[in-house]
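**Student:** According to the numbering used here, the stretch in the sequence shown is residues 7 to 368, in order. Where a beta carbon is used, it is the ideal one built from N, C-alpha and C, also for glycine. Source: prediction; values computed, not measured. Dumping the structure here so I can ask a few things about it.
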Amino acid sequence: MNNSSSFLARFGRVSFHLIFSLFLVLSSLWFVLAIWIQKPFNSTFSIIIMLVWAIFAIGILVTYFAKNKAQSRKISRPKLVLIYVLGFAATLLWYFNIPAKQDRDWSPDVARIFTYEKHGDLVTINDIRDFNWKMEDQYDVHWDRRTFNIQNITGVSIITSYWMGPQIAHTLVSFSFSDQKPLVFSIEIRKEKNESFSAIGGFFRQFELSLIAADEKDIVYTRSNARGEQVYFFPVKMGKNEAQALFLEYLDKSDQLHQHPKWYNTLSSNCTTLVFDMVQAVDPHHLPKDYRLLASGYLPNYLYDLGALDHKWDMKTWYEKAHINPRAHRFDHFKYQDSLNFSKVIRLGLPAPALPDVITQK
């Protein structure tokens, strides 16, 4: 009995030592990366902070495992743990008080978050992005204003755009109308001028959150044609009431971002997880949590399993039909390269609602 108790006590101590060591190493790595990304002061001083923290963490770890208590470890292990935990708590206090802002020198493509005016079923949206993209970094800037009747929503489509393998994709949501060109909502990082996307930076509050309302000829074309990403278009089955409610959720999200800017997070607050949260808010059925919400490249498979994609095709066929790049590239050689024509082209062969031949301007 005594041997058993002694073994358990020894096992518990060894486990705690390992857990504390792992916590110290991972938390120190996190803090060093946070300083490197944030650079709260100038680069030189940020490097000094990282070096000081590294010396502090290594000193704690070496002292903690020192064998000679009388000479090498004058501070008890519980006090060492407390000292490090208090030090790390101070870093968290700094980090979680970094404010998201609205007034940075933004890249032109994310310079505006749309606003709207709602009168009954009519919604007028200001600052719809309708750029004419020539290359990834060459475009004509144009912001539009359009009026939509939410009663005229005829369908919702999920668009996934791949640029770094099959696991990760950017998710966009497009609304079709019986009397208007489709409107796409996209939750993105809000880059400053001369900034570019960084998945690591997205973990460390490098980018604010942006919500773009855009024409398909803008936000889909730039991915499929200007950037050369692989883009897939999936019309989903969604009831009219749920589609209208989701549209209004995007309006509400715009209000929230104007009132309280938020940080983008690569894992927990990104283009897919936030869409899932909004769909969950309007769908009467509980949607199961799934790893494919994080590995966003597999989102279409998740939708298929939920029955949101028509089961007349298997997923292999869906991916073949939904791949818009061949059609979008042929569009560059069309005589009429207007926005509505582009929307019709990328829907060819898909079970998507028909688009209007004539646009009603209000």
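#1: Would you list the residues sitting across from Asp363 in a DSSP beta bridge?
#2: Are the region 149-163 and the region 116-135 touching, with three or more C-beta to C-beta distances below 8 Å?
#3: Do the region 343-357 and the region 251-264 make contact, defined as three or more Cβ pairs closer than 8 Å?
#4: Near Asn307, what residues of its chain come up, given a Cβ to Cβ distance below 8 Å and the 5 sequence neighbours on each side ignored?
#5: Is the beta carbon of Val116 sitting closer than 9 Å to the one on Arg233?
#6: In chain order, what are the residue ranges of uninterrupted beta strand (DSSP E) at least 3 long that sit wholly in the region 214-297?
#7: In the region 16-103, which residue ranges form an unbroken beta strand (DSSP E) of at least 3 residues, counting only runs that do not cross its ends?
#8: Excluding five sequence neighbours on each side, which residues of the same chain lie with their C-beta closer than 6 Å to the C-beta of Asp224?
#9: Quick one: what's Ser163 bridged to in DSSP?
#10: Taking just the CA atoms, how far does Gln250 sit from Lys268?
#11: With a Cβ-Cβ cutoff of 9 Å, do Ala40 and Arg211 count as a contact?
#12: Roughly how many angstroms separate the alpha carbons of Ser34 and Ala63, rounded to a whole number?
#13: Can Leu312 and Leu293 be called in contact, C-beta distance under 9 Å?
#14: Less than 8 Å between the CB atoms is what I'm expecting for Thr177 and Ile164, so what's the real figure, rounded?
#15: Which term fits Ile159, buried or exposed, when burial requires 16 or more other beta carbons within 10 angstroms of its beta carbon?
#16: Do Ser167 and Ser230 count as a contact pair if the criterion is CB distance below 9 Å?
#17: Which residues mark the beginning and the end of the beta strand (DSSP E) in which Trp149 is found?
#18: Using a Cβ-Cβ cutoff of less than 7 Å, which residues in the same chain neighbour Glu194 once the five nearest sequence positions on both sides are dropped?
#19: Secondary structure at Ser204, three-state DSSP: helix, strand or coil?
#20: Given that a residue counts as buried once 16 or more other Cβ atoms are within 10 Å of its Cβ, and exposed if not, what is Glu214?
#21: Between Ile66 and Leu86, how many whole angstroms is the CB-CB distance? I'm expecting something under 8 Å.
#22: Taking the alpha carbon of Pro105 as the point to measure from, which residue in Gln44, Tyr90, Val58 and Lys140 has its own alpha carbon closest?
#23: Could you check what DSSP says for Ala175 in three-state terms: helix, strand or coil?
#24: Can you have a look at Ala314 and say buried or exposed, based on whether 16 or more other CB atoms are within 10 angstroms of its CB?
#25: Hey, how far is the Cα of Met56 from the Cα of Val38?
#26: For Pro46, count the other beta carbons within 10 Å of its own beta carbon; 16 or more makes it buried, fewer makes it exposed. Which is it?
#27: With 16 as the cutoff for other CB atoms within 10 Å, does Asp261 come out buried or exposed?
#28: My assumption, with CB atoms under 8 Å, is that Phe239 sits in contact with Leu356. Please give the rounded CB distance.
#29: Tell me the rounded alpha-carbon separation between Lys318 and Gly207.
#30: Look at the alpha carbon of Pro332 and the alpha carbon of Phe22, and state the distance between them as a whole number of angstroms.
**Tutor:** Let me lay it out:
#1: Mapped onto the sequence shown, residue 363 falls at position 357. Paired residues: none, contrary to the question.
#2: yes
#3: no
#4: Translated into positions along the sequence shown, residue 307 becomes position 301. Answer for Asn307: Arg298 and Met321, listed in chain order.
#5: Within the sequence shown, residue 116 is the residue found at index 110, counting from 1. Within the sequence shown, residue 233 is the residue found at index 227, counting from 1. Not closer than 9 Å, so no.
#6: 214-221 and 236-242
#7: none
#8: For this step, residue 224 is matched to residue 218 along the sequence shown. For Asp224, where only same-chain residues beyond five positions count, the Cβ hits under 6 Å are Arg135, Asp136 and Phe137.
#9: Walking along the sequence shown from the start, residue 163 turns up at place 157. Ser180 and Pro241, per the DSSP bridge assignment.
#10: The residue labelled residue 268 in the question sits at position 262 within the sequence shown. The residue labelled residue 250 in the question sits at position 244 within the sequence shown. Whole-angstrom Cα-Cα distance: 25 Å.
#11: As a working note, residue 40 is residue 34 in the sequence shown. As a working note, residue 211 is residue 205 in the sequence shown. The answer is yes: Cβ separation under 9 Å.
#12: For the purposes of this step, residue 34 is taken as residue 28 along the sequence shown, with counting starting at 1. For the purposes of this step, residue 63 is taken as residue 57 along the sequence shown, with counting starting at 1. Cα to Cα, the separation comes out at about 7 Å.
#13: Translated into positions along the sequence shown, residue 312 becomes position 306. Translated into positions along the sequence shown, residue 293 becomes position 287. Taking 9 Å as the Cβ cut-off, Leu312 and Leu293 qualify as a contacting pair.
#14: Numbered from 1 along the sequence shown, position 171 holds the residue referred to as residue 177. Numbered from 1 along the sequence shown, position 158 holds the residue referred to as residue 164. Thr177 to Ile164, Cβ: 7 Å. Contact.
#15: Locating residue 159 in the sequence shown gives position 153, where the first residue counts as 1. Label assigned to Ile159: buried.
#16: Numbered from 1 along the sequence shown, position 224 holds the residue referred to as residue 230. Numbered from 1 along the sequence shown, position 161 holds the residue referred to as residue 167. The answer is yes: Cβ separation under 9 Å.
#17: Taking the first residue of the sequence shown as position 1, residue 149 is located at position 143. Run containing Trp149: Trp149 to Asn155, per the beta strand (DSSP E) assignment.
#18: Within the sequence shown, numbered from 1, the residue matching residue 194 stands at position 188. Contacts found: Val116, Ser216, Ile218 and Cys277.
#19: Taking the sequence shown and counting its residues from 1, the one referred to as residue 204 is at position 198. Of the three classes helix, strand and coil, the one that applies to Ser204 here is coil, per DSSP.
#20: Indexing the sequence shown from 1 puts residue 214 at position 208. With 16 or more Cβ atoms within 10 Å of its Cβ, Glu214 is classed as buried.
#21: Position 60 of the sequence shown, counting from 1, holds the residue named residue 66. Position 80 of the sequence shown, counting from 1, holds the residue named residue 86. Sure, about 6 Å apart at Cβ, within 8 Å.
#22: Within the sequence shown, the letter at position 99 stands for residue 105. Closest option to Pro105, Cα to Cα, is Gln44.
#23: The residue you call residue 175 lines up with position 169 of the sequence shown. Residue state, collapsed to three classes: strand.
#24: Along the sequence shown, read from residue 1 onward, the residue named residue 314 stands at position 308. Flag for Ala314 reads buried.
#25: Reading the sequence shown from its first residue, position 50 is the one you call residue 56. Reading the sequence shown from its first residue, position 32 is the one you call residue 38. Using only the alpha carbons, I get a separation of about 6 Å.
#26: Within the sequence shown, residue 46 is the residue found at index 40, counting from 1. Under this definition Pro46 is an exposed residue.
#27: Position 255 of the sequence shown, counting from 1, holds the residue named residue 261. When all chains shown are included, Asp261 counts as exposed.
#28: Position 233 of the sequence shown, counted from the start, is the residue given in the question as residue 239. Position 350 of the sequence shown, counted from the start, is the residue given in the question as residue 356. Sure, about 6 Å apart at Cβ, within 8 Å.
#29: For the purposes of this step, residue 318 is identified with residue 312 of the sequence shown, where counting begins at 1. For the purposes of this step, residue 207 is identified with residue 201 of the sequence shown, where counting begins at 1. Straight-line Cα distance between these residues: approximately 41 Å.
#30: Start at 1 with the first residue of the sequence shown, and residue 332 comes out as number 326. Start at 1 with the first residue of the sequence shown, and residue 22 comes out as number 16. If you take the alpha carbons of Pro332 and Phe22, they lie about 57 Å apart.
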